[in-house]
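Peer 1: Please see the structure below; I have some questions.
2 protein chains.
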Amino acid sequence: MNKLKKILETISENKLDAALISSVSNIIYLTNYSNFSHLEREAFLLISEKKNYLITDGRYSEAVSKIPSFELLEISDNNSLDDILKSLSKKIKKLGVQDYNISLSEGKKLKKYFKLIPLKDLESLRIIKNENEIQKIKKACQIGDEAFKYIQEKIKSGVTEKEIAFEIEMFIKKSGVDISFPPIVAFGKNSSIPHHQTGNTKLSKNQIILLDFGVKFENYCSDMTRTVFFGKADDKFRKIYNTVLKSQKSAIEQLNNLAINGKSKMVNGKSIDRIARSHIIKNGFPTIPHSLGHGIGIEVHEPPRLSPKSKDILKPGMVFSIEPGIYIPNYGGVRIEDLVTIRKNKLELLTHSPRKLTEV
Amino acid sequence: MNKLKKILETISENKLDAALISSVSNIIYLTNYSNFSHLEREAFLLISEKKNYLITDGRYSEAVSKIPSFELLEISDNNSLDDILKSLSKKIKKLGVQDYNISLSEGKKLKKYFKLIPLKDLESLRIIKNENEIQKIKKACQIGDEAFKYIQEKIKSGVTEKEIAFEIEMFIKKSGVDISFPPIVAFGKNSSIPHHQTGNTKLSKNQIILLDFGVKFENYCSDMTRTVFFGKADDKFRKIYNTVLKSQKSAIEQLNNLAINGKSKMVNGKSIDRIARSHIIKNGFPTIPHSLGHGIGIEVHEPPRLSPKSKDILKPGMVFSIEPGIYIPNYGGVRIEDLVTIRKNKLELLTHSPRKLTEV
Numbered sequence: 001m002n003k004l005k006k007i008l009e010t011i012s013e014n015k016l017d018a019a020l021i022s023s024v025s026n027i028i029y030l031t032n033y034s035n036f037s038h039l040e041r042e043a044f045l046l047i048s049e050k051k052n053y054l055i056t057d058g059r060y061s062e063a064v065s066k067i068p069s070f071e072l073l074e075i076s077d078n079n080s081l082d083d084i085l086k087s088l089s090k091k092i093k094k095l096g097v098q099d100y101n102i103s104l105s106e107g108k109k110l111k112k113y114f115k116l117i118p119l120k121d122l123e124s125l126r127i128i129k130n131e132n133e134i135q136k137i138k139k140a141c142q143i144g145d146e147a148f149k150y151i152q153e154k155i156k157s158g159v160t161e162k163e164i165a166f167e168i169e170m171f172i173k174k175s176g177v178d179i180s181f182p183p184i185v186a187f188g189k190n191s192s193i194p195h196h197q198t199g200n201t202k203l204s205k206n207q208i209i210l211l212d213f214g215v216k217f218e219n220y221c222s223d224m225t226r227t228v229f230f231g232k233a234d235d236k237f238r239k240i241y242n243t244v245l246k247s248q249k250s251a252i253e254q255l256n257n258l259a260i261n262g263k264s265k266m267v268n269g270k271s272i273d274r275i276a277r278s279h280i281i282k283n284g285f286p287t288i289p290h291s292l293g294h295g296i297g298i299e300v301h302e303p304p305r306l307s308p309k310s311k312d313i314l315k316p317g318m319v320f321s322i323e324p325g326i327y328i329p330n331y332g333g334v335r336i337e338d339l340v341t342i343r344k345n346k347l348e349l350l351t352h353s354p355r356k357l358t359e360v
Numbered sequence: 001m002n003k004l005k006k007i008l009e010t011i012s013e014n015k016l017d018a019a020l021i022s023s024v025s026n027i028i029y030l031t032n033y034s035n036f037s038h039l040e041r042e043a044f045l046l047i048s049e050k051k052n053y054l055i056t057d058g059r060y061s062e063a064v065s066k067i068p069s070f071e072l073l074e075i076s077d078n079n080s081l082d083d084i085l086k087s088l089s090k091k092i093k094k095l096g097v098q099d100y101n102i103s104l105s106e107g108k109k110l111k112k113y114f115k116l117i118p119l120k121d122l123e124s125l126r127i128i129k130n131e132n133e134i135q136k137i138k139k140a141c142q143i144g145d146e147a148f149k150y151i152q153e154k155i156k157s158g159v160t161e162k163e164i165a166f167e168i169e170m171f172i173k174k175s176g177v178d179i180s181f182p183p184i185v186a187f188g189k190n191s192s193i194p195h196h197q198t199g200n201t202k203l204s205k206n207q208i209i210l211l212d213f214g215v216k217f218e219n220y221c222s223d224m225t226r227t228v229f230f231g232k233a234d235d236k237f238r239k240i241y242n243t244v245l246k247s248q249k250s251a252i253e254q255l256n257n258l259a260i261n262g263k264s265k266m267v268n269g270k271s272i273d274r275i276a277r278s279h280i281i282k283n284g285f286p287t288i289p290h291s292l293g294h295g296i297g298i299e300v301h302e303p304p305r306l307s308p309k310s311k312d313i314l315k316p317g318m319v320f321s322i323e324p325g326i327y328i329p330n331y332g333g334v335r336i337e338d339l340v341t342i343r344k345n346k347l348e349l350l351t352h353s354p355r356k357l358t359e360v
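Protein chains in written order, with the working numbering: chain A, 1 to 360; chain B, 1 to 360.
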């Protein structure tokens, strides 16, 4: 199995006895089992040359006992996590861990039994997607595009942000899939807060509508933002909108050119961020108060990053967002976000909702 | 503010200069702002005798600038988290942390600037609810009861687990509130997995239906499980069901008696777990493969615990579940879960859906 192989290579390179996988996203990636909570620690994987274990408790043991390549170690009243770790420590001394995902108190417990080695590689384990993963993200994007088309019919005076968010969620769930995060819906001035908390604000004529939502299809996420105008857009809005759009297009164009020439590997997240960001600043607007983009897959936000400090090299198989924005307090904001993937000879856009200025 | 006072007391008792609050649930508890992601680190609170800070980035700064008692420290390209920590370290040396919520890599960064002191108290910061919090949980429970009543009308041959889960979710969201976790719906044999992953299994006559779901009302969660029979229950099911019900009732009765006598403080989570668990075992069934109960509030699972090893003392103001279960692989399972709170002179049941064996 290719995915496990990456970890075995890391184990070998770092001269480890085993690697402990703790993040739920990596557990999904390696087992396809996606029912563990993202909010609490319910399972670990332990991977080594000889054997792989899945450590969990009685709530899950029947379900996970069918997962191939992993032997179940069940935490119970007679067999605590400490007992299991102690027993494993007879053969395992040097243990690789996801240090960004193990808490200080968990670390203290693990250190009783193992020498812990942080494995930065595991943070980027999923950074290059295979074709199957890209197709899942594409499918999620496609349902997102349909949701965007659908929701425009629901926009009318007096509707609340929460009602629109609910309609988006319903549309997605009725399509048999899940949302990848709670939809962000911001009307008017609220759109100046990039991560506005969708509330009871009612829509009035001549307001900005910012919609940021995503779909989860077979564990893979999409993410898209569109900003439309309810009424007749004035010059100020047009200027802001077109500046954001141009900013996004310039970043996409540059990436596409590099991809066509097989040179995307020569560019990092920082330089693409700079192209989009500088276009906004040189037009007299404030800098983007967030990164230009983020990788996406099993998590909505994962490597690579496109930000002013990112050294992540952009390679074929990566899937990420490009989402410049301009936010003016007490006026409103515009963000346009699309997902792209780098192919061997081009940049492929995965979201296809229209990006031209739309008045509804 | 009473909630901050608890932390200031902890700071003083531990002779600290400040406490760093990192868990989103504690941030919601202290600020009422609930828009930070539970999946990624987007904010910290820093609390000290003199001043309180909220550390976050530009996606949130406009929204959080209105939160009283907290001064915003904004992470930006020119002012990294490291810069902020360095500047704070001029006055702060000993820093209390939620060691179960700070990762090893975050810990490494913090240790450059501070001496870190794990604060176990913060894990139980929210363990005693005030009346306002209890009323919110009660309201969540009430909507959950309505959802249970509603969903029974939707049960019919051929319906899938996912369809029932969707209907529950829709009912809750149409009530203007949120779900506290994705509903667990298990038909037939699937009910033998305590945390079954709701799927496409279709309902047939004479099957068990296990429903475990909750509501979130103004950031406070409910949680309830009911197991009903689709068709005519046979003796085997009746025996299992009534054993679970009696197990639950015996735990509730014992807690109620102790509360009436003002003696609940003399009992810990372990002894209540034992009452319910031993009833199941002495009837010849396997032990409960999970805890008898868990506290609930801003998180679905929080202290206190009612488990074979829990030393948590059960005090007035605590809100928790009592949820015994019997699970027979290749047959099915029964769980009955209700929420209770300890009052000064009685145990109050917060969920009110009928618990008698129901055939639908």
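Every residue gets a Cβ at the ideal spot worked out from N, C-alpha and C, and that includes glycine. Please read all numbers here as calculations on a predicted model, not as lab measurements.
1) A:Tyr60 versus chain B: which residues are under 9 Å apart at the beta carbon?
2) Beta carbons nearer than 9 Å to chain B: which residues of the stretch 159 to 170 of chain A have them?
3) Is there a Cβ from chain B that is less than 8 Å from the Cβ of A:Leu39?
4) Per DSSP, B:Val215 forms a beta bridge with which residues?
5) Between B:Thr10, B:Ile172, B:Lys189, B:Ile143, which lies nearest to B:Leu119 when the distance is taken from Cα to Cα?
6) Which residue or residues does DSSP assign as beta-bridge partners of A:Phe320?
7) Under 8 Å between beta-carbons, which chain B residues line up against A:Tyr100? List them in chain order, please.
8) Are A:Val159 and A:Leu104 touching if we call contact CB-CB under 8 Å?
9) Between A:Asp145 and B:Phe187, what straight-line distance do the alpha-carbon atoms span, to the nearest angstrom?
10) Return helix, strand or coil for B:Leu349, following the three-state DSSP convention.
11) Do you know offhand how far A:Lys173's Cα is from B:Gly293's?
12) Please list the residues of the stretch 76 to 97 of chain B that have a C-beta atom closer than 8 Å to any C-beta atom in chain A, keeping them in chain order.
13) Count the other CB atoms within 10 Å of the CB of B:Met318; is the residue buried (16 or more) or exposed (fewer)?
14) With three or more C-beta pairs closer than 8 Å as the rule, is the stretch 25 to 43 of chain B touching the stretch 60 to 68 of chain B?
15) Can you tell which of B:Ile240, B:Tyr100, B:Thr351, B:Pro183 has the C-alpha that lies nearest to the C-alpha of B:Gln135?
16) Report all residues from its chain with a CB closer than 6 Å to the CB of B:Lys154; omit the five preceding and five following residues, and keep chain order.
17) Should A:Pro68 go down as buried or exposed, given a rule of 16 or more other Cβ atoms within 10 Å for buried?
18) Name, going along the chain, the residues of the stretch 275 to 290 of chain B whose beta-carbon falls closer than 8 Å to a beta-carbon of chain A.
19) Shorter than 8 Å from the beta carbon of B:Lys66 to some beta carbon of chain A?
20) Per DSSP, which residues does A:Gly325 bridge with? Please list them.
21) Given a cut-off of 8 Å, decide if A:Glu348 and A:Lys126 are closer than it, judged by their beta-carbon atoms.
22) Would the stretch 218 to 233 of chain B and the stretch 179 to 199 of chain B be scored as touching if the rule is three or more Cβ pairs under 8 Å?
23) With H, G and I counted as helix, E and B as strand and the rest as coil, what does DSSP make of B:Ser12?
24) What separation, rounded to the nearest whole angstrom, lies between the Cα atoms of B:Leu357 and B:Gly295?
25) Roughly how far, in whole angstroms, is the beta-carbon of B:Leu339 from the beta-carbon of B:Ile193, given that I think they are within contact range, below 8 Å?
26) Using beta-carbon positions only, say whether B:Thr244 and B:Gly332 come within less than 8 Å of one another.
27) Can you confirm whether the stretch 308 to 323 of chain B touches the stretch 262 to 274 of chain B when touching is taken to mean that 3 or more C-beta pairs between the two stretches lie within less than 8 Å?
28) So, for A:Leu116: in the same chain, excluding its five sequence neighbours on each side, which residues have a beta-carbon less than 7 Å away from its beta-carbon?
29) To the nearest angstrom, report how far apart A:Ile7 and A:Ile328 are at their CA atoms.
30) What does a CB cutoff of less than 7 Å around A:Val267 pick up in its chain, not counting 5 residues either side in sequence?
31) Residues in its own chain within less than 7 Å of A:Val300 by CB, not counting five upstream and five downstream?
32) Below 8 Å on the Cβ atoms is my contact criterion, and I expect A:Ile47 with A:Leu4 to pass it. Report the Cβ-Cβ distance as a whole number of Å.
33) Short check: CB of A:Ile389 to CB of A:Tyr29, under 8 Å?
34) Tell me the DSSP secondary structure of A:Asp57 in three-state form.
35) In the structure shown, what three-state DSSP assignment does A:Leu122 receive?
36) Consult DSSP for B:Glu146 and reduce its assignment to one of helix, strand or coil.
Peer 2: Reading it off the structure:
1) The contacting residues are Ile193, Pro194, His195.
2) Of all residues in the stretch 159 to 170 of chain A, only Lys162, Phe166, Glu169, Met170 place a beta-carbon less than 9 Å from a beta-carbon of chain B.
3) Interface residue, yes.
4) Beta-bridge partners assigned by DSSP to B:Val215: B:Ile179.
5) Checking every option, the nearest Cα to that of B:Leu119 belongs to B:Thr10.
6) DSSP, once it has assigned bridges, lists A:Gly295, A:Val340 as partnering A:Phe320.
7) Taking the beta carbon of A:Tyr100 as reference, the chain B residues within 8 Å of it are Ser103, Leu104, Ser105, Glu106, listed in sequence order.
8) Cβ atoms of A:Val159 and A:Leu104: not closer than 8 Å.
9) Straight-line Cα distance between these residues: approximately 34 Å.
10) If DSSP states are grouped into helix, strand and coil, B:Leu349 belongs with the strands.
11) Near 31 Å, if we compare the C-alpha coordinates of B:Gly293 and A:Lys173.
12) Result list: Ser76, Asp77, Val97.
13) By the neighbour-count criterion, in which 16 or more other beta carbons inside 10 Å mark a residue as buried, B:Met318 falls on the buried side.
14) Yes, the stretch 60 to 68 of chain B is in contact with the stretch 25 to 43 of chain B.
15) Of the listed residues, the one whose Cα sits closest to B:Gln135 is B:Thr351.
16) Only residues of its own chain outside the window of five on either side were considered, and among them Glu167 have a CB closer than 6 Å to the CB of B:Lys154, listed in chain order.
17) Within 10 angstroms of the beta-carbon of A:Pro68 lie fewer than 16 other beta-carbons, which makes it exposed.
18) Those residues of the stretch 275 to 290 of chain B that come within reach of chain A (Cβ to Cβ, closer than 8 Å) are Thr287, Pro289, His290.
19) It does not; no Cβ of chain A falls within 8 Å.
20) Answer is A:Arg335.
21) The sequence given here has Arg at residue 126 of chain A, not Lys. Contact annotation: A:Arg126 and A:Glu348 have beta-carbon atoms that are not nearer than 8 Å.
22) Verdict: yes, contact present.
23) Helix, per DSSP.
24) Cα to Cα, B:Leu357 sits roughly 26 Å from B:Gly295.
25) So it is not a contact: roughly 23 Å between Cβ atoms.
26) Note on residue identity: the sequence assigns Val, not Thr, to residue 244 of chain B. Cβ distance not < 8 Å, so B:Val244 and B:Gly332 don't count as in contact.
27) In short, these stretches touch, since the Cβ pair count reaches three.
28) The beta carbon of A:Leu116 sits closer than 7 Å to the beta carbons of Leu95, Val97, Gly107, Leu110 from its chain, once the five residues preceding and following it are set aside; these are given in chain order.
29) Distance between the alpha carbons of A:Ile7 and A:Ile328: 45 Å.
30) A distance below 7 Å between beta-carbons, with the five flanking residues on each side excluded, links A:Val267 to the following residues of its chain, in chain order: Leu258, Leu314.
31) So the qualifying residues of the chain are Ser180, Phe181, Gly214, Cys221, Asp223.
32) Indeed, because the Cβ distance is near 7 Å, the residues count as touching under 8 Å.
33) Residue coverage of chain A in this structure runs from 1 to 360, which leaves residue 389 of chain A outside it and unanswerable.
34) Three-state result, A:Asp57: strand.
35) DSSP places A:Leu122 in helix when its eight states are reduced to three.
36) B:Glu146 falls in the helix class under three-state DSSP.
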